[in-house]
Amino acid sequence: MYLEVFTKQARLLQALAHPKRLEILNLLAQKSLTVTEIYSMLDLPQANISQHLIKLRQAGVVATKRIGKEIYYRLAKKKIIQFLPQRLNLLKLTPLVHDPVCQMQLSPKTAVLKKHYNGKQYYFCASGCLQKFKLNPNQYV
Numbered sequence: 648m649y650l651e652v653f654t655k656q657a658r659l660l661q662a663l664a665h666p667k668r669l670e671i672l673n674l675l676a677q678k679s680l681t682v683t684e685i686y687s688m689l690d691l692p693q694a695n696i697s698q699h700l701i702k703l704r705q706a707g708v709v710a711t712k713r714i715g716k717e718i719y720y721r722l723a724k725k726k727i728i729q730f731l732p733q734r735l736n737l738l739k740l741t742p743l744v745h746d747p748v749c750q751m752q753l754s755p756k757t758a759v760l761k762k763h764y765n766g767k768q769y770y771f772c773a774s775g776c777l778q779k780f781k782l783n784p785n786q787y788v
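Sequential numbering of the sequence shown, starting at 648, is according to our numbering.
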């Protein structure tokens, strides 16, 4: 019995032990997303995102829901937020800013990335949004 518990815990920790999977969970802490939406926010090939989502789903960290032709990914349990260092108190925080690229609501305290541009600070949910902003900031300001 103890071995089964430790095996489940090890599977969970393995699923969380990758920076891009943590970045995906950071996005899913905000709302349910499709693979395509996650792809547009991250600087990562869609096939890699799918592999990370499979690993997270096998560990019971994320769950899926089909709506029409789309499959939405969400956190299987909101408690998983406790394992995300920058999200420890997420549920108590009020979103105050928007990612200029994808419009996701963020708190400046929990935003993954930020960039100063033309005298103003911008906050981003993931590396892909920051990359898009850097390519053409005037499109988003």
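All C-beta atoms, glycine included, are put in the ideal place defined by N, C-alpha and C.
Note that the coordinates shown come from a computational prediction; the quantities given were computed from them, not determined experimentally.
If you check the CB distance, residue 689 and residue 696 come in under 8 Å. Beta-bridge partners of residue 717 (DSSP): 714. The alpha-carbon of residue 698 is positioned some 26 Å away from that of residue 780.
With 16 or more other Cβ atoms inside 10 Å of its own Cβ, residue 757 counts as buried. Listed in chain order, the non-local C-beta contacts of residue 722 below 8 Å within the same chain comprise 672, 675, 676, 708, 709, 710 and 728, local neighbours out to five positions each way being set aside. DSSP, reduced to helix, strand and coil, places residue 759 outside both helices and strands of the structure shown, so it counts as coil. Contact between the region 743–758 and the region 660–669 is absent: fewer than 3 CB-CB pairs across the two stretches fall below 8 Å.
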